[in-house]
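Quick note, the numbering used here runs 454 ahead of the 1-based positions in the sequence shown.
Where is the CB? At the ideal position from N, CA and C, for every residue including glycine.
Predicted, not measured: the structure shown is a model, and the values here were computed from it.
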Amino acid sequence: MWQYEKRLEYPVNIKQTDPKTAQYILSQYGGPDGEINASLRYLSQRYSIPYREVAGLLTDIATEEIAHFEMIATIVHQLTRDLTPEEIKASNFGPYYIDHTLAVWPQAAGGVPQNACEFQSKGDPITDLMEDMAAEQKARTTYDNILRVVKDPDVVDPIRFLRAREVVHFQRFGEALRMVQEHLDSKNFYACNPAFDKNCGCK
Numbered sequence: 455m456w457q458y459e460k461r462l463e464y465p466v467n468i469k470q471t472d473p474k475t476a477q478y479i480l481s482q483y484g485g486p487d488g489e490i491n492a493s494l495r496y497l498s499q500r501y502s503i504p505y506r507e508v509a510g511l512l513t514d515i516a517t518e519e520i521a522h523f524e525m526i527a528t529i530v531h532q533l534t535r536d537l538t539p540e541e542i543k544a545s546n547f548g549p550y551y552i553d554h555t556l557a558v559w560p561q562a563a564g565g566v567p568q569n570a571c572e573f574q575s576k577g578d579p580i581t582d583l584m585e586d587m588a589a590e591q592k593a594r595t596t597y598d599n600i601l602r603v604v605k606d607p608d609v610v611d612p613i614r615f616l617r618a619r620e621v622v623h624f625q626r627f628g629e630a631l632r633m634v635q636e637h638l639d640s641k642n643f644y645a646c647n648p649a650f651d652k653n654c655g656c657k
């Protein structure tokens, strides 16, 4: 169960609309390495983790990713609110506008819709945590790419915050991977999936 606090995790106060920048930012809303896929990945994986401390970490990070999803939606909304038809046409934002008007909808910068096939929940703690670490690095790279092309300080500030959180999550998943490996090491057992092989002595 979650309790919703009516504020963003980090403030977003964008003064100048910019539909081209909004297109870039959309990738972290619904793109392959975006925040919604991160949250769904971790919330799904937590059920097959046999160690409470690791499942708790997945839940904590998944919950924060929902907050990041909300921040990205706010950035996109503030960058596109009150656009005129002329601004839309001049910015190549027209195809998005035709499909969604100025609503916020999960897609990548290239227009590909959000797709759950872009993440995995494999049911093996080591496999899933390795994917999670890679996912955080890919998201960090996407934020790096955004920061190279976006110059509005009102946009850059929350994007830098989000990028920093990807680094922290990568480190936390590394800690979780070590926890799982220590559980396996303590039983001197390496060819085992502790989430599935109940009788292999690796719990």
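Return the CA-CA distance between Pro567 and Thr534, expressed in angstroms with no decimal places.
Between Pro567 and Thr534, the C-alpha separation is close to 19 angstroms.
Counting Cβ pairs closer than 8 angstroms, one from the region 540-559 and one from the region 596-612, do we hit at least three?
They do not touch, by the three-pair rule.
Can you tell which of Leu497, Glu519 and Leu462 has its C-alpha closest to the C-alpha of Glu590?
Minimum Cα distance to Glu590 is reached at Glu519.
With Lys592 as the anchor, note down where its alpha helix (DSSP H) starts and where it stops.
Run containing Lys592: Pro579 to Val603, per the alpha helix (DSSP H) assignment.
Which term fits Gln470, buried or exposed, when burial requires 16 or more other beta carbons within 10 angstroms of its beta carbon?
Burial call: exposed.
On the DSSP letters alone, give me the boundaries of the alpha helix (DSSP H) that Tyr478 sits inside.
Pro473 to Gly484 is the span of the alpha helix (DSSP H), which, as asked, contains Tyr478.
Could you tell me whether the Cβ atoms of Ile515 and His623 are closer together than 7 angstroms?
Taking 7 angstroms as the Cβ cut-off, Ile515 and His623 qualify as a contacting pair.
When the distance is taken between beta carbons, is Ile542 closer than 7 angstroms to Tyr483?
No, the pair does not count as a contact, with Cβ atoms beyond the cut-off.
Look at the alpha carbon of Arg495 and the alpha carbon of Asp582, and state the distance between them as a whole number of angstroms.
Answer to the nearest angstrom: the Cα atoms are 9 angstroms apart.
Less than 7 angstroms between C-beta atoms, sequence neighbours within five positions excluded: which residues of the same chain meet that for Tyr478?
These residues qualify, in order along the chain: Ala563, Ile600, Val603 and Val604.
With Gln532 as the anchor, note down where its alpha helix (DSSP H) starts and where it stops.
Arg506 to Thr534 is the span of the alpha helix (DSSP H), which, as asked, contains Gln532.
By Cβ distance, which residues of its chain are closer than 6 angstroms to Phe627, with the 5 residues on each side in sequence left out?
Within the same chain, Phe627 has close Cβ partners Leu583, Asp586 and Met587.
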